[in-house]
Each structure stands twice: as structure tokens, then as C-alpha cells.
Amino acid sequence: MELSTLNRRIPDGVKVDGKSFRILVVDDSKFVIKQLSQILNSEEYEICGTAENGQLAFDAYQELRPDLMTLDITMPILDGLQTLEKVLAYDPKAKVVMVSALGKEETVKQALLAGAKSFIVKPFDRATVLERLKKTIGV
């Protein structure tokens with residue numbers, strides 16, 4: 075083994091078998107999807123899909139069966155809480171991390187009580203996002 079491979083840190087987004095954790099990113103803002111995807115890609119998480127409203131998110135979850143889903147609270151058609159409930163009814167073991175803007179503390183509490191595993195706040199802090207996802211996914 076070369077010395078350079080001995081000291082190489084395995085990215086958080088890579089499983090023991092060498093495959094990446096698959097993440098579904100859900101937000102009604104394309105900018106937020108892009109920003110969050112860039113953060114996740116930096117640790118080699120695979121963005122297996124994106125969705126811009128709750129109904130599309132639920133459909134994508136059923137089709138893709140990601141390892142984890144990030145889910146915005148405020149969205150059209152189905153909001154984050156409604157989508158969370160549908161996803162957990164479909165898959166009680168789903169790992170969902172809620173995404174909220176500052177000032178939505180009460181809604182975040184509701185989401186955690188409903189079964190979300192964690193939350194991240196906009197604007198994003200890269201280190202916090204990665205730490206919460208790593209903890210939620212169980213790496």
C-alpha cells in the first residue's frame with residue numbers, strides 16, 4: 075500500500091462497501107437544491123434524485139428508495155410535514171432530515187415529533203449539514 079492511500083480519509087458519503095449513500099434532495103428552490111447537492115457531493119454522497127414539491131418527493135421516494143431524504147418544510151402541493159407523514163406511512167424506517175428557514179422552530183419540533191431524524195437550517199453551514207447527515211445515516 076502506498077503511503078498516500080494509508081492517510082486518505084474515506085469521505086462521509088461512502089459506505090463500507092465503497093458505494094455512495096443515496097440522497098433524495100427535496101426543496102421548492104432550485105438554488106437550495108443546487109447548494110445542498112454541492113455540499114453533499116463534496117463528501118461523495120450520491121444525489122439519486124431531486125423534487126420541488128411534496129407530491130413529487132413522495133413519488134420519487136417510492137421509486138428511488140434512497141438511504142436518506144432531505145425535506146424542506148415549506149413547499150407547494152404537500153408541505154414538508156404532510157410529505158413526512160406519507161413517507162413514514164409508506165416506509166416507517168425512512169431517514170428524513172428536515173430543512174427549514176430560521177424562525178420555524180415550532181414546525182421543526184412538530185417534524186421531529188412526527189418522525190424526522192434531524193433538521194438543518196437555511197442558510198446552510200457546510201459542517202453542520204454534513205455532521206447531521208452523517209449522524210442520521212449512522213456512519
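213 is the number that this note's numbering gives the last residue of the sequence shown; the numbers go up by one with no jumps.
Glycine is no exception: its CB is placed at the ideal position from the N, C-alpha and C atoms.
Quick caveat, the model's predicted, so the values are computed rather than measured.
Check, Outcome
"Using a Cβ-Cβ cut-off of 8 Å (strictly less than) and excluding sequence neighbours within five positions of L77, which residues of its own chain qualify?", "Annotation note: pLDDT 47 at L77 (below 50); position unreliable, coordinate value reported separately. Cβ within range, chain order: n/a, list empty."
"Please state the DSSP three-state secondary structure of V100.", "strand"
"Taking 7 Å as the limit between beta carbons, can you name the residues of its chain near M75, skipping five residues before and five after?", "Because M75 sits at a pLDDT of 43, beneath the cut-off of 50, its placement in the model cannot be relied upon, and the following sentence gives the value as read from the coordinates. Contacts found: none."
"Relative to the C-alpha of G154, which candidate in G189, D141, P166 has its C-alpha closest?", "G189"
"Here's the rule I'm using: 16 or more other beta-carbon atoms within 10 Å means buried, otherwise exposed. How should E117 be labelled?", "buried"
"Should R206 and I113 be called a contact, given that it needs their Cβ atoms to be closer than 8 Å?", "no"
"Among T181, D146, S174, K191, whose alpha-carbon lies nearest the alpha-carbon of P166?", "K191"
"When you compare each of I84, I211, L162 to Y135 by their alpha carbons, which one comes out closest?", "L162"
"Name the two residues that bound the continuous alpha helix (DSSP H) containing A188.", "179-188"
"Who does L145 pair with in a DSSP beta bridge?", "V100, M172"
"Around the C-beta of A175, are 16 or more other C-beta atoms found within 10 angstroms, so that it is buried, or is it exposed?", "exposed"
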